[in-house]
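Heads up: the sequence shown runs through residues 31 to 205, numbered per the working numbering.
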Amino acid sequence: PPVIMTTAYGREELAESLRASSIGVAAILAKPVSPADLLGAVSLATGRAQAPQQPGVANAKAAAEAAVSALRGARILLVEDNEYNQEVAVALLTEQNIEVDVARDGEQALRQLQMHTYDGVLMDCQMPVMDGYEATREIRRQPQFQDLPIIAMTANVLNDDIVEALAAGMNDHIA
Numbered sequence: 031p032p033v034i035m036t037t038a039y040g041r042e043e044l045a046e047s048l049r050a051s052s053i054g055v056a057a058i059l060a061k062p063v064s065p066a067d068l069l070g071a072v073s074l075a076t077g078r079a080q081a082p083q084q085p086g087v088a089n090a091k092a093a094a095e096a097a098v099s100a101l102r103g104a105r106i107l108l109v110e111d112n113e114y115n116q117e118v119a120v121a122l123l124t125e126q127n128i129e130v131d132v133a134r135d136g137e138q139a140l141r142q143l144q145m146h147t148y149d150g151v152l153m154d155c156q157m158p159v160m161d162g163y164e165a166t167r168e169i170r171r172q173p174q175f176q177d178l179p180i181i182a183m184t185a186n187v188l189n190d191d192i193v194e195a196l197a198a199g200m201n202d203h204i205a
């Protein structure tokens, strides 16, 4: 599955470091991450858009516009315990006509998944009650959710953290 990283450092420097390591990263987003960047990452992970074939500003802009267009009308479950992070993500997504429901922890997410249909899940990894890793494992145990895109949303960017998210069954990682 594709891994998308965000960084406060220069993309070129980080890209060189990642090429030298065993981490496969599909995209690197420089902070602050714009709504178009976030939507592009979500769109790629859900299979609603394709990455640009050639690097460059024009292609990145076109890809972001295609991602936004592809996600309009989608319904996303945001699983996040931090109220500020909830507000930011909901504002960014609803601004693009994406419907967002919020769950405060993994247990609430499991209940909401039983009651509603979602096009994807943005999952915080560190939460009380049930963390994102356990919630994702529970979700993946249910056959009807095998293909549901789940994207980890976490501040953790170490290789072990990314591996843990992917091993739990998440499709992608946004830091």
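We put the beta carbon where it would ideally sit given N, CA and C, even for glycine. Keep in mind the model is a prediction, meaning the values are calculated, not measured.
Residue state for D131 is assigned as strand, using DSSP reduced to three classes. For N127 and A121, the gap between their C-alpha atoms comes out near 10 angstroms.
Counting only residues of its own chain and dropping the five nearest sequence neighbours on each side, V159 has a CB closer than 7 angstroms to the CB of D135, G136 and E137. Judged by DSSP secondary structure, L107 falls outside any alpha helix (DSSP H) and instead within the beta strand (DSSP E) spanning R105 to V109. Spanning the alpha carbons of Y114 and P173 requires a straight line of approximately 33 angstroms. Unbroken alpha helix (DSSP H) runs of no fewer than 4 residues, entirely contained in the segment 135 to 177, are found at 136 to 145 and 162 to 170, following chain order. For D202, the pairing in a beta bridge is given by DSSP as I181. If you look at N115, you'll find it in the alpha helix (DSSP H) that goes E113 to T124. D190 is positioned such that its CB atom lies no closer than 9 angstroms to that of T184.
Note on geometry: alpha-carbon atoms of E110 and A96 lie some 27 angstroms from one another. Distance from I169 to N201 at the Cβ level is roughly 11 angstroms; contact not present, criterion being Cβ atoms closer than 8 angstroms.
Residue environment for A205: buried (at least 16 other C-beta atoms within 10 angstroms of its C-beta).
Short of 8 angstroms from the beta carbon of G199, and not among the five residues preceding or following it, lie these beta carbons of its own chain, in chain order: T166, R167, I169, R170 and I180. C-alpha of H146 to C-alpha of E129: approximately 12 angstroms in a straight line. Only buried fits A139, as 16 or more other CB atoms lie within 10 angstroms of its CB. With fewer than 16 other CB atoms across the displayed protein chains lying within 10 angstroms of its CB, A197 is exposed.
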